[in-house]
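Peer 1: Chains as they are written, first to last, in our numbering: chain S, 28 to 234; chain V, 950 to 1148. Got a structure for you, questions after.
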């Protein structure tokens, strides 16, 4: 089975751009839209999701020989929920303000489809090294997705990046960008841009 | 992961689930033991930070915790709020109850003789974002300010009379939960607090 599966290196690369969870798979849209009003919450979310994804991938890969087909989803969910709870408690202890700001979106990582899809597609079928590379690659891809949307929204909506002023005082903050409609607008435009660039590259490659 | 026929008893099928549940449970218990005190400390700091907003004119530094035995027989910590010059002003009651999604932690400010609510704050909640989570907003919480503690507060869906709470559209359960928490806490602690030293 492993002959036809991508190698660790391919998994890692795929996660970042060719199979980017945000721009290619369109998974995890709930946090993508909800916490990208500014860089700080977006990066905290990306880090928490990355921690859960990498940990769950490694554990599932380690026990993949013991999984029963009809109970595997249950075990995935159990594993993911455990790491999400650890991440949630950690944030409440060490980043209390951020934990309050993100509120229920941290526990909602449990239902993030990116993580369970990685368990199903990669970790349940491939070795620990590959699963680890896959988890790291996908986490970076998700970080890139959240980071790009949050960058556009925070700069246009508040004139800042990570809370530091980047646009002149005269910039009239586009309030809509930090509100939910701004999330949809930004995601749609960036998605269009990524597809346009992808298509241009493809058509340039063929004579 | 081929489609082998399912054989054996429940244990043979599910032993991995059971073992993992125990291992994960232990891991989470460990996490809670390690981080719990710090989280409680964070909440306590926030409580003290909120005290001036809950009892008007109160000073966080002059406020002190007092243990009181509620009607239900359980000991509970309440905060005796004082102004900067030490004048006794009222009480802050930290309390908790079940919401729609998870527990809701609430701080209730009451006046000196526990006849009126002077302020409300939601310390922790995991209600639905955009709906139930609106219980943390001032627009909802300000409705409680000034309500008498003589009779239980009721929630209505339209045109609230004085002393009634207008439920958040789409979040009736969360609105009811907060009100229920307030009613139960006031009922439980009203009489015991009145017997406390107010000097």
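For every residue, glycine included, the Cβ atom is placed at its ideal position computed from N, Cα and C. It should be emphasised that the depicted structure is a prediction, and the values quoted were computed from it without experimental measurement.
Can you list, in chain order, the residues of the region 111-128 of chain S whose Cβ is nearer than 7 Å to any Cβ on chain V?
Peer 2: Against chain V - using a Cβ distance shorter than 7 Å - the residues of the region 111-128 of chain S are 112, 113, 116, 117, 119, 120, 123.
Peer 1: Consult DSSP for residue 1116 of chain V and reduce its assignment to one of helix, strand or coil.
Peer 2: DSSP places residue 1116 of chain V in coil when its eight states are reduced to three.
Peer 1: In the region 1033-1053 of chain V, which residues sit with their C-beta less than 9 Å from some C-beta in chain S, listed in chain order?
Peer 2: So the list reads 1050, 1051, given in the order they occur along the chain.
Peer 1: Would residue 1039 of chain V and residue 1061 of chain V qualify as a contact pair, given that the criterion is a beta-carbon distance under 8 Å?
Peer 2: A contact, by the Cβ cut-off of 8 Å.
Peer 1: Output, in chain order, the set of chain V residues within a Cβ distance shorter than 8 Å of residue 154 of chain S.
Peer 2: The contacting residues do not exist; residue 154 of chain S stays about 15 Å from chain V at best.
Peer 1: Is it the case that the Cβ atoms of residue 170 of chain S and residue 83 of chain S are separated by a distance below 8 Å?
Peer 2: Against a cut-off of 8 Å, the Cβ pair of residue 83 of chain S and residue 170 of chain S comes out as no contact.
Peer 1: Does residue 50 of chain S get closer than 8 Å to chain V when you measure Cβ to Cβ?
Peer 2: No - not a single Cβ of chain V is within 8 Å of the one on residue 50 of chain S.
Peer 1: How would you list, in chain order, the residues of chain V whose beta-carbon sits under 8 Å from the beta-carbon of residue 98 of chain S?
Peer 2: Ordered by position in chain V, the residues that pass the 8 Å Cβ test against residue 98 of chain S are 962, 963, 965, 966.
Peer 1: Should residue 93 of chain S be labelled buried (16 or more other beta-carbon atoms within 10 Å of its own) or exposed?
Peer 2: Its Cβ having fewer than 16 others within 10 Å, residue 93 of chain S is exposed.
Peer 1: DSSP three-state label for residue 1049 of chain V, please.
Peer 2: Coil, per DSSP.
Peer 1: Would you say residue 80 of chain S and residue 142 of chain S are within 8 Å of each other, going by their C-beta atoms?
Peer 2: The answer is yes: Cβ separation under 8 Å.
Peer 1: Residues bridged to residue 192 of chain S by DSSP?
Peer 2: Looking at the DSSP assignment, residue 192 of chain S forms a beta bridge with S/187.
Peer 1: Comparing alpha-carbon positions, which option in S/100, S/124, S/112 lies nearest residue 76 of chain S?
Peer 2: Of the listed residues, the one whose Cα sits closest to residue 76 of chain S is S/112.
Peer 1: Within a Cβ cutoff of 7 Å, which residues of the same chain sit near residue 119 of chain S, ignoring the five residues on either side of it in sequence?
Peer 2: Answer for residue 119 of chain S: 126, listed in chain order.
Peer 1: From this set, V/968, V/1059, V/1090, V/969, which residue's C-alpha is nearest residue 1005 of chain V's C-alpha?
Peer 2: That would be V/1059, whose Cα lies nearest to the Cα of residue 1005 of chain V.
Peer 1: Got a sec: is the Cβ-Cβ distance from residue 131 of chain S to anything in chain V below 8 Å?
Peer 2: Yes, its Cβ sits closer than 8 Å to a Cβ of chain V.
Peer 1: How long is the line joining the alpha carbons of residue 152 of chain S and residue 47 of chain S, rounded to whole angstroms?
Peer 2: Using only the alpha carbons, I get a separation of about 20 Å.
Peer 1: Here's the rule: buried if 16 or more other CB atoms are within 10 angstroms of the residue's CB, otherwise exposed. What is residue 216 of chain S?
Peer 2: Exposed: under 16 other Cβ atoms inside 10 Å.
Peer 1: Rounding to the nearest angstrom, what Cα-Cα distance links residue 137 of chain S and residue 1034 of chain V in this structure?
Peer 2: Going from the Cα of residue 137 of chain S to the Cα of residue 1034 of chain V covers about 50 Å.
Peer 1: In chain S, what lies closer than 7 Å to residue 980 of chain V by C-beta?
Peer 2: Neighbours of residue 980 of chain V on chain S, chain order: 113, 116.
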